[in-house]
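Mind the numbering: the sequence shown is residues 4 to 371 in our numbering, read in order.
Every residue, glycine too, gets a C-beta built ideally from N, C-alpha and C.
Please read these numbers as outputs of a predicted model, since none were measured by experiment.
Okay, so here's the structure we're looking at.
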Amino acid sequence: MIFAETWFISFFLGAILAVWFLPKHLRRLALLIACFIFHARYAGQAGMIPILVLSALVYFALGATKPWRIAAIAISVLSLVYYKYTGFINDTIGTSIKTAAAPLAISFFVFEFVHLLIERGKNNIDKPKSIIDYLTFIIFFPSLASGPIKRWQLFQPELERLGRPSWPLISHSLFRITLGAYKKFGIADTIAQEIPGSLSSWNGSISGLCLLLGIRIFMDFSGYSDIAIGLAGMFNIRIPENFSFPYLATNISDFWRRWHISLSTWIRDYVYIVLGGGRVSMMRKAANLLVAMILCGFWHGPAFHFALWGLMQGLALAALHFWRKLIPWRMPALVAWAGTFTFVQLSWLVFFYKIDEIILLFNTARII
4 MIFAETWFIS FFLGAILAVW FLPKHLRRLA LLIACFIFHA RYAGQAGMIP ILVLSALVYF
64 ALGATKPWRI AAIAISVLSL VYYKYTGFIN DTIGTSIKTA AAPLAISFFV FEFVHLLIER
124 GKNNIDKPKS IIDYLTFIIF FPSLASGPIK RWQLFQPELE RLGRPSWPLI SHSLFRITLG
184 AYKKFGIADT IAQEIPGSLS SWNGSISGLC LLLGIRIFMD FSGYSDIAIG LAGMFNIRIP
244 ENFSFPYLAT NISDFWRRWH ISLSTWIRDY VYIVLGGGRV SMMRKAANLL VAMILCGFWH
304 GPAFHFALWG LMQGLALAAL HFWRKLIPWR MPALVAWAGT FTFVQLSWLV FFYKIDEIIL
364 LFNTARII
């Protein structure tokens with residue numbers, strides 16, 4: 004984990020001291036330099052150049068006409084497809100397209116590029132006047148590796164407050180960093196040692212494995228988010244919360260309002276709503292949900308089991324939609340929670356493993 008490396012800890016301490024004690028007019032430049040140092044360290048030249056080229060293209064397109072913005076969106080998305088999914092495409096359809104190592108965090112970069120371009124097209128934002136602010140938004144190192152996915156409208160005002168935070172915010176930020184590290188190293192990584200790489204070696208129950216997977220992925224993802232939020236807080240910058248007690252959700256829609264919030268809201272705003280959202284027929288809405296969630300699944304990785312996991316989420320969301328439209332009866336809260344929790348935990352099997360392994364597991368392992 005990047006955040007646990009000795010180099011990163013030393014780098015981070017130097018960065019916060021620079022931002023805290025430099026004159027106000029130099030703080031943003033100091034933070035941007037720190038972001039570049041971080042990116043250079045972990046992405047390398049081969050990883051930095053594509054992102055910087057895309058950043059320049061997007062910055063130009065933000066001040067240009069609609070065709071340029073559309074072209075910039077297309078180039079950004081195609082870059083993501085090329086770097087992240089070419090190997091998958093080659094294996095699936097037998098092509099031999101040359102592959103290249105994906106730049107660090109390209110999925111996050113591209114989603115933030117698309118956000119900027121679409122919001123500019125809607126006139127919800129202006130082209131950033133400061134190239135320093137723009138680049139800091141793009142390569143802000145606390146959220147670079149694992150999110151949350153940022154929104155310009157929320158991030159830009161935070162740069163106005165860049166500097167030494169209040170003591171309550173310092174203590175809260177340190178608490179979030181500590182909490183995130185404990186979630187990641189104390190819980191997620193410990194549980195990961197008990198989870199088999201192949202289901203053929205699992206000797207326990209299916210329900211036990213599902214619970215382990217559910218705890219591990221939540222502690223891993225939310226741990227990273229806690230650390231990112233804490234690191235940003237040490238610069239007096241607040242970035243969005245990414246999880247809100249998702250396993251307390253009482254339906255699948257509620258779960259997606261609580262789970263990986265920056266991703267789920269991005270999928271909602273820039274895929275689901277663009278396709279028509281809920282302003283269409285019931286069947287069209289169901290189709291929109293399926294497309295949006297399959298893309299959400301593929302975003303996690305270039306493999307069919309991620310797409311199948313997304314399909315499961317989309318089918319569950321569509322089923323909930325039909326239930327609410329056709330059946331007036333509402334389940335008791337406890338029953339609704341139990342059903343949602345069970346479905347979500349079972350779905351982690353599909354997220355982590357291939358379907359043939361899962362079928363074999365259900366044929367050989369006990370349920371409880």
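Can you have a look at residue i and say buried or exposed, based on whether 16 or more other CB atoms are within 10 angstroms of its CB?
i, result
"D229", "buried"
"H28", "exposed"
"G200", "exposed"
"N126", "exposed"
"W332", "exposed"
"R219", "buried"
"D94", "exposed"
"Y322", "A small correction: the amino acid at residue 322 is Ala; Tyr does not occupy that position in the sequence shown. Counting Cβ neighbours within 10 Å, A322 comes out exposed, since fewer than 16 surround it."
"A341", "exposed"
"W10", "exposed"
Taking residue i as the reference, give the member of the options with the closest Cα.
i, options, result
"I358", "Y137, K69 and M315", "M315"
"S99", "I12, A339, A59 and G90", "G90"
"C112", "G97, N93, D94 and V84", "According to the sequence provided, residue 112 is Phe. The question's Cys does not apply to it. Per the Cα distances, V84."
"I297", "W326, K328, S284 and S267", "S267"
"M51", "A235, A339, I209 and F39", "F39"
"K130", "S58, R30, N254 and F248", "S58"
"K186", "I12, A7 and D223", "D223"
"I270", "W302, N254, R287 and T253", "W302"
"L214", "G226, I198 and Y227", "I198"
How far does the alpha helix (DSSP H) with residue i in it extend, from its first residue to its last?
i, result
"H28", "K27 to L65"
"T253", "Neither: T253 is in no alpha helix (DSSP H) and is coded neither H nor E."
"Y185", "Unbroken run through Y185: none, as it is neither H nor E."
"S350", "A336 to F355"
"V283", "Taken as a continuous stretch (DSSP letters only), V283 belongs to no alpha helix (DSSP H), as it is neither H nor E."
"E360", "I358 to T367"
"M315", "F307 to L329"
"H69", "At residue 69 the sequence reads Lys, which differs from the His that was named. From DSSP, the alpha helix (DSSP H) with K69 extends over K69 to I96."
"D136", "I134 to I141"
I'd like to confirm something about residue i: is its beta-carbon nearer than 7 Å to some heavy atom of the ligand COA, or not?
i, result
"R261", "Although the ligand COA was asked about, the structure shown includes no ligands whatsoever."
The stretch 301 to 311 contacting the stretch 348 to 358, beta-carbon criterion three pairs below 8 Å
yes
Three or more C-beta pairs below 8 Å linking the stretch 249 to 260 and the stretch 316 to 333:
yes
Would you be able to state if there are at least three C-beta pairs under 8 Å between the stretch 109 to 119 and the stretch 71 to 83?
yes
So, do the stretch 190 to 199 and the stretch 125 to 144 have three or more beta carbon pairs nearer to each other than 8 Å?
no
Taking three-plus beta-carbon pairs below 8 Å as touching, is the stretch 45 to 54 in contact with the stretch 100 to 111?
yes
Considering only residues of the stretch 179 to 240, which uninterrupted alpha helix (DSSP H) runs meet the minimum length of 4 residues and lie entirely inside it, listed in chain order?
192 to 195 and 209 to 236
Does the stretch 17 to 27 come close enough to the stretch 160 to 173 to have 3 or more Cβ pairs within less than 8 Å?
yes
Mind the definition here: the stretch 235 to 242 touches the stretch 203 to 210 only if three or more C-beta pairs lie below 8 Å; say whether that holds.
no
Taking contact to mean 3 or more Cβ pairs, one atom from each stretch, closer than 8 Å, check whether the stretch 174 to 190 and the stretch 149 to 164 are in contact.
no
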